[in-house]
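**Student:** Counting from 39, one number per residue, gives the positions in the sequence shown under my numbering.
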Amino acid sequence: MKSLRVGLCGVGNVGRAVLKTLISSSKLIEVQGGVHFDIELVGARRGKKAVPFNGINVTKDLKEVATNPNVDVLVEVIGGVDFAHELVITAIKEGKHIVTANKALIANHGNELFKLAKENKVEIGFEASVAGGTPVIKALREGLVANRVKWFAGILNGTSNYVLTEMESNQSSFEVALGKAQALGLAESDPTMDINGTDAAQKASILAALAFHVPFDFSLVSFEGIEEVELEDLKYARELGYSIKHIARGELENNIACVSAYPTLVNNESLLSQVDKEMNALEIFSEGVGSTVYYGPGAGPEPTASAVIADLVDIAKGGWELDINSDSSNKLQVSGAQKAARYYRLQVKDEPGVIAKISSVFGEKDISIDALIQHEARSKEDIDSVPVVIISGEITDNEAVKLKNILEDLPEVFPGVKKFRIHSSRS
Ligand code: HSE
């Protein structure tokens with residue numbers, strides 16, 4: 039049986055779950071994975087008291103794990119970027135394989151790390167960095183290896199998905215829904231990167247590197263978070279047959295890959311629209327096999343530990359080298375030219391001719407109006423102004439922004455026009 043000596047840095051919730059699973063499931067992993075693991079050394083800044091398991095060597099100096107000659111693979115679950123980067127570089131130069139759950143590390147330093155790993159003939163496993171316990175990286179690099187990926191679209195941030203689900207099902211405000219996610223321990227105490235879209239965008243840039251063979255370049259991912267989504271939007275979306283989800287998307291057309299993460303209307307017939315609460319899902323459309331969908335927990339100690347250990351087993355069995363730029367005539371570009379239908383919600387003056395004027399803007403720009411909702415004013419607040427919701431035909435991001443600006447400049451339209459993409463699952 040193959041064996042591997044593990045050094046682990048970071049004993050927060052994830053690190054402890056990795057240790058617990060390695061210990062309690064060692065027989066199962068041997069039977070199912072054919073690998074025996076020895077936990078050689080654990081790096082915990084607070085020392086032994088942070089490691090609730092007997093018989094494990096612990097050091098407060100995390101660098102010692104990266105340089106220990108008895109360690110074959112370093113598991114990095116400390117999070118953060120700068121120190122993790124330093125630690126991983128040290129370990130690679132010492133000839134150690136790496137397993138990390140750190141999406142920010144891979145999204146920001148992936149090119150450098152994989153180049154260095156290749157030079158030092160070691161592997162980097164990062165399954166846990168995207169969609170937690172749901173094996174989407176394995177799907178891309180193994181299961182779909184015979185297929186050219188055309189696009190992927192996924193719900194990759196559990197916190198945002200929980201907040202949107204809570205708003206939709208309980209009519210909670212954004213603040214109340216986020217507070218509930220925090221109380222349940224789903225959101226970080228500082229959930230900024232979840233809510234503003236950074237987390238999902240980093241994950242999407244990692245998937246794009248695998249799917250389209252482009253370098254990791256988080257700076258070329260365009261994204262927004264879910265802060266702009268209001269209960270009104272969820273209500274109108276439902277009326278039109280959609281849910282609103284935070285969708286990370288990558289697509290390849292004419293060798294140009296574009297990656298983005300935006301709140302997006304998703305047709306209720308799509309599987310992605312059924313993904314609720316903190317769950318993650320990824321749909322990958324490839325030439326050949328067509329559409330495949332992966333669903334599961336995207337965060338949490340046990341799911342993350344599950345992905346970390348799957349990587350450890352892979353590495354013990356010979357690993358998998360990521361040669362980011364090989365083969366590729368594909369280029370990553372800021373999203374802009376790709377087309378999508380759009381949802382606009384406008385608050386307009388309730389007076390004759392307003393709808394005609396708005397329609398003429400669409401007509402002049404040669405943009406089709408695919409649906410339009412304006413309900414009869416029913417409440418006092420609606421006496422002077424009413425909401426109008428329009429679904430446009432397919433237009434680019436740039437056209438969508440220009441259209442929003444023109445609409446907002448009309449004297450009959452109040453500032454604060456809402457605009458969201460509509461997901462297309464065309465091949
Ligand atoms: N904070 C992330 C989420 C999980 O809410 O999905 C870790 O990537």
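Idealized CB from N, CA, C, for every residue including glycine.
Every value quoted in this text rests on a predicted model; they were computed, and no experiment measured them.
If you check the beta carbons only, do F190 and V201 fall under 9 Å apart?
**Tutor:** For F190 and V201, no; Cβs fall outside 9 Å.
**Student:** Let's see if you can read the secondary structure: which residues bound the alpha helix (DSSP H) around M39?
**Tutor:** No alpha helix (DSSP H) contains M39, which DSSP labels as neither H nor E.
**Student:** Please specify which runs of the beta strand (DSSP E), each continuous and at least 3 residues long, are wholly inside the segment 118 to 191, giving them in chain order.
**Tutor:** Entirely contained in the segment 118 to 191, the beta strand (DSSP E) runs reaching 3 residues are, in chain order, 135 to 138.
**Student:** Between V439, Q312, L350 and E124, which lies nearest to A379 when the distance is taken from Cα to Cα?
**Tutor:** Of V439, Q312, L350 and E124, the residue nearest in Cα terms is V439.
**Student:** Just to confirm, are V346 and V113 a CB contact at a threshold of 9 Å?
**Tutor:** It is a contact, given that the beta carbons lie within the stated cut-off.
**Student:** Kindly indicate which three-state DSSP category N19 falls into: helix, strand or coil?
**Tutor:** Coverage of the chain is limited to positions 39 through 465, which leaves residue 19 absent and any answer about it impossible.
**Student:** With respect to the beta strand (DSSP E) encompassing L60, which residues constitute its N-terminal and C-terminal limits?
**Tutor:** Looking at the DSSP string, L60 is not in any beta strand (DSSP E); the run it does join, the alpha helix (DSSP H), is N51 to S62.
**Student:** So what does Q385 bridge to, in DSSP terms?
**Tutor:** DSSP lists P425 as partners of Q385.
**Student:** Enumerate in chain order the residues of its own chain whose CB-to-CB distance from Y274 is below 6 Å, with the five nearest sequence positions on each side excluded.
**Tutor:** For Y274, where only same-chain residues beyond five positions count, the Cβ hits under 6 Å are V427.
**Student:** Is the beta carbon of K369 less than 9 Å from the beta carbon of N436?
**Tutor:** It is not a contact, given that the beta carbons lie outside the stated cut-off.
**Student:** Since D271 and K442 should fall inside the 8 Å C-beta cutoff, what is the C-beta to C-beta distance between them, to a whole number of angstroms?
**Tutor:** Going by Cβ atoms, the distance from D271 to K442 rounds to 14 Å, so no, they are not a contact pair.
**Student:** Could you say which of V69, F256 and D404 lies nearest to A238 if we only look at CA atoms?
**Tutor:** When only C-alpha atoms are compared, the closest one is F256.
**Student:** Between the Cα of V80 and those of T59, L46, G53 and G71, spot the shortest distance and give me the residue it belongs to.
**Tutor:** That would be L46, whose Cα lies nearest to the Cα of V80.
**Student:** When you compare only the Cα positions, how much space is there between K156 and G53?
**Tutor:** Rounded to the nearest angstrom, the two C-alpha atoms are 26 Å apart.
**Student:** Whether or not the segment 224 to 238 and the segment 121 to 137 are in contact is what I'm after, with contact meaning three or more pairs of Cβ atoms, one per stretch, closer than 8 Å; do they touch?
**Tutor:** The segment 121 to 137 is not in contact with the segment 224 to 238.
**Student:** Compute the minimum distance between the beta carbon of A184 and the heavy atoms of the ligand HSE, and state whether it is under 8 Å.
**Tutor:** No, the ligand HSE has no heavy atom inside 8 Å of this Cβ.
**Student:** In angstroms, rounded to a whole number, what distance separates the CA positions of S243 and L222?
**Tutor:** For S243 and L222, the distance between alpha carbons rounds to 28 Å.
**Student:** For the alpha helix (DSSP H) that contains N436, what are its first and last residues?
**Tutor:** Taken as a continuous stretch (DSSP letters only), the alpha helix (DSSP H) holding N436 covers D435 to D447.
**Student:** Sorted by chain position, which residues of the same chain lie with C-beta nearer than 7 Å to F91's C-beta, five sequence neighbours on each side aside?
**Tutor:** Cβ neighbours of F91 beyond the five flanking positions: L57 and I61.
**Student:** Within 10 angstroms of the Cβ of M39, are there 16 or more other Cβ atoms? Answer buried if so, exposed if not.
**Tutor:** Exposed: under 16 other Cβ atoms inside 10 Å.
**Student:** Tell me whether Q220 sits in a helix, a strand or coil according to DSSP, three-state version.
**Tutor:** The answer is helix: DSSP assigns Q220 an H, G or I state.
**Student:** Measure from the alpha carbon of G279 to the alpha carbon of each residue in T342, E307 and L290, then state which is nearest.
**Tutor:** It is E307 whose Cα lies nearest to the Cα of G279.
**Student:** Check whether the Cβ of E124 lies closer than 8 Å to any heavy atom of the ligand HSE, and answer yes or no.
**Tutor:** No - the ligand HSE has no heavy atom lying nearer than 8 Å to the Cβ of E124.
**Student:** Going by DSSP, what residues sit across from A409 in a beta bridge?
**Tutor:** Looking at the DSSP assignment, A409 forms a beta bridge with I429.
**Student:** Could you name the residues that DSSP lists as bridge partners for Y280?
**Tutor:** Y280 pairs with N305.
**Student:** Tell whether a beta-carbon distance below 9 Å holds between L178 and I322.
**Tutor:** Yes, the pair counts as a contact, with Cβ atoms nearer than the cut-off.
**Student:** Return the first residue and the last residue of the beta strand (DSSP E) that V331 is part of.
**Tutor:** From DSSP, the beta strand (DSSP E) with V331 extends over G328 to P335.
**Student:** Which of the three DSSP states is assigned to L290 in this structure?
**Tutor:** Residue state, collapsed to three classes: strand.
**Student:** Determine the direct distance from the alpha carbon of T172 to that of V252, and round the result to whole angstroms.
**Tutor:** The straight-line gap from Cα to Cα measures roughly 23 Å.
**Student:** Helix, strand or coil: which one does DSSP assign to N208?
**Tutor:** Three-state DSSP puts N208 in a helix.
**Student:** Output needed for D110: all residues of its chain with C-beta closer than 7 Å, excluding positions within five of it in sequence on either side, in chain order.
**Tutor:** Answer for D110: L42, R43, K134 and H135, listed in chain order.
**Student:** If I measure Cβ to Cβ from G148 and keep anything under 6 Å in the same chain, skipping five residues before and after, which residues do I get?
**Tutor:** Correct list, in chain order: F254.
**Student:** Comparing the CB of G148 with every heavy atom of the ligand HSE, is any distance shorter than 8 Å?
**Tutor:** No; taking the cut-off as 8 Å, the Cβ of G148 has no heavy atom of the ligand HSE nearer than that.
**Student:** Count the other C-beta atoms from every protein chain shown that fall within 10 angstroms of the C-beta of R464, then say buried if there are 16 or more, exposed otherwise.
**Tutor:** That one is exposed.
**Student:** Helix, strand or coil for S368, going by three-state DSSP, please let me know.
**Tutor:** One detail in the question is off: residue 368 reads as Asn in this sequence, not Ser. If DSSP states are grouped into helix, strand and coil, N368 belongs with coil.
**Student:** What three-state label does DSSP hand S373 in the structure shown?
**Tutor:** S373: coil per DSSP, three-state reduction.
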